[in-house]
Amino acid sequence: MCAPGVDQTERSPQRWSIHVPELKQELQLSLAPGWEEKYTFSEAFVNKKWQFGAFEKLLRRTYVATKRSDEDEKRCDRVEDVLSQLVSSSTPETKPLAPIERLPAELLNIILDDPDLDKKDKVALGYCSTTTWMFVKTHILADCKRNLISWAGQSLICTGTWLSDLPASIIELSPDYVEEQKDWDARRYRRGTGARYGPCPARMWNYRTSAESVDVEGMDVEEEWMSALETWASLCGEEVGPKVLEANLRQALRYDSGLRNEGSTSFVLRNLTAREKVLLEVSYPDEKRKAAKVVVKGRPDVSLDAGLLTKICWGKSIIRERGHAKGSWAGHRFEIVDVDMPEDEKNFVDVTKDFVKHVDHVLMQDLSKQESHGMESRA
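With full-length UniProt numbering as the guide, the letters of the sequence shown map in order to residues 1 to 379.
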């Protein structure tokens with residue numbers, strides 16, 4: 001049993017979170033299954049559950065609205081007509097408001113903010129009438145704005161709860177940390193009164209940053225809402241005209257020139273702090289170009305999310321030889337731009353090969369470890 005005041009953080013599984021300190025945003029990553037995988041970067045660290053939408057968050061957006069066709073214009077004009085089809089009425093002009101439409105706006109917003117309602121439930125509410133669609137669309141726009149604030153040019157770090165220090169780039173943003181660390185070291189090694197217990201300054205920084213940050217979602221929120229709209233509409237039948245509402249929502253979202261358009265498939269990840277760059281390419285596994293995947297150029301098996309996570313992590317590993325518990329890019333600033341965008345007077349160094357080599361080293365170590373454990377369990 002530990003003495004009172006002793007830090008017991010390492011008695012619990014290490015948790016990882018991506019922090020954007022300057023924006024006060026946090027993205028919590030899920031724990032990997034199993035005991036040993038909870039402490040190191042394993043295959044579970046880079047599977048689908050650990051994606052965080054790096055491309056959408058780091059892309060330098062142009063905010064150019066997608067050009068709509070004449071048919072899309074007509075669909076947007078027919079939104080009210082389509083919604084009226086969902087509520088049967090012989091005289092829609094004189095039909096009184098439904099009970100849910102008579103609810104105060106504040107109460108409707110409380111319903112939409114209910115965490116127990118998933119996106120499909122909220123879209124279903126929007127299908128009830130033009131009134132409810134107005135509230136649901138406003139809720140969708142607010143949700144997308146909250147989760148799609150650009151991280152381009154912002155300091156980015158993925159911290160583990162076991163961390164014992166901070167990288168220099170993060171210390172620059174935390175002027176009080178240096179004095180706190182000096183005080184911690186002095187009290188820690190001084191005999192007699194004044195000994196300091198509890199978490200070290202780095203862990204306290206992590207706790208405070210998490211408490212002050214807003215938790216955001218990792219995946220493409222706009223596409224999740226679109227998927228919810230399409231899923232619910234398919235249950236109602238083709239006569240509902242889901243394309244009309246989809247066009248109306250896309251118009252409100254003002255789709256930009258990211259993965260959703262037919263534009264460039266070649267991009268560059270720029271490390272603005274180290275003045276380095278990694279070449280990227282966008283592949284579309286399906287013919288409809290909906291499920292886009294961003295990978296390192298020439299290496300379709302190395303995703304942007306997986307590679308970047310192994311470079312911006314900063315924690316503590318119980319397996320000492322695993323140097324990738326502290327990534328060399330932790331706390332750095334990044335942006336993703338089109339490959340044709342000109343560079344400034346100080347060019348970026350192409351480190352694509354080194355980036356791939358690092359990711360291969362990390363993943364191969366973890367896969368070899370998992371295979372050896374699998375052989376031992378079968379034996």
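All residues carry an ideal CB built from backbone N, CA and C; glycine is no exception. Quantities reported herein were computed from a predicted structural model and do not represent experimental measurements.
Using the DSSP secondary-structure output, state which residues sit across from residue i in a beta bridge.
i, result
"Ser283", "Lys293"
"Lys326", "Trp314"
"Leu27", "Ile18"
"Lys130", "First, the residue type needs correcting, since residue 130 is Thr and not Lys in the sequence shown. The partner list for Thr130 (beta bridge, DSSP) is empty, contrary to what the question assumes."
"Ser303", "Val295"
"Leu59", "Ile336"
"Thr159", "Ser17 and Trp314"
"Asn347", "Partner(s): none; Asn347 has no beta bridge."
"Glu276", "Asn271 and Val349"
"Val214", "Gln25"
"Ser266", "Glu281"
Just to confirm, are residue i and residue j a CB contact at a threshold of 9 Å?
i, j, result
"Val295", "Ser283", "yes"
"Leu331", "Pro167", "Checking the displayed sequence, the identity of residue 331 turns out to be Gly instead of Leu. Yes, they are a contact pair."
"Thr161", "Gln14", "yes"
"Lys137", "Trp232", "no"
"Val268", "Asp143", "no"
"Val325", "Lys316", "The sequence given here places Ala at residue 325; Val does not occur at that position. In contact: Ala325 and Lys316 (Cβ atoms closer than 9 Å)."
"Asp118", "His139", "no"
"Trp225", "Ile170", "no"
"Leu280", "Lys297", "yes"
Rounded to whole angstroms, what's the CA-CA distance from residue i to residue j? Just pull it up for me.
i, j, result
"Asp354", "Leu304", "14 Å"
"Val278", "Val214", "29 Å"
"Asp360", "Arg275", "22 Å"
"Arg68", "Leu245", "Because Arg68 sits at a pLDDT of 41, beneath the cut-off of 50, its placement in the model cannot be relied upon, and the following sentence gives the value as read from the coordinates. Each residue's alpha carbon lies about 14 Å from the other."
"Ser266", "Glu56", "14 Å"
"Ile157", "Pro104", "42 Å"
"Ala175", "Cys313", "Residue identity differs from the one stated: residue 175 is Pro in this sequence, not Ala. Their Cα atoms are separated by approximately 21 Å."
"Trp329", "Tyr177", "20 Å"
"Glu223", "Gln8", "41 Å"
"Thr310", "Leu108", "42 Å"
"Glu10", "Gly53", "29 Å"
"Lys357", "Arg299", "11 Å"
"Leu163", "Met341", "37 Å"
"Trp16", "Thr159", "6 Å"
"Ile111", "Lys122", "9 Å"
"Ile18", "Arg208", "14 Å"
"Glu212", "Leu23", "10 Å"
So the candidates are the options; which of them puts its Cα closest to the Cα of residue i?
i, options, result
"Ser210", "Val20, Ala124 and Ser12", "Val20"
"Lys145", "Val216, Trp162 and Leu308", "Val216"
"Arg270", "Asp350, Ala325 and Thr159", "Asp350"
"Leu173", "Ser164, Ser155 and Asp165", "Ser155"
"Gln28", "Asn347, Gln51 and Gly126", "Gln51"
"Phe348", "Thr273, Ala228, Lys297 and Phe135", "Thr273"
"Ser227", "Glu212, Leu58 and Ala124", "Ala124"
Determine contact between the region 139-153 and the region 181-188, defined as no fewer than three beta-carbon pairs at a distance below 8 Å. no
Check whether the region 331-338 touches the region 174-182, taking contact to mean three or more Cβ pairs, one atom from each stretch, closer than 8 Å. By the Cβ rule, the region 331-338 does not count as touching the region 174-182, because fewer than three pairs are nearer than 8 Å.
Touching or not, the region 99-107 and the region 127-134, by the rule of three or more beta carbon pairs under 8 Å? yes
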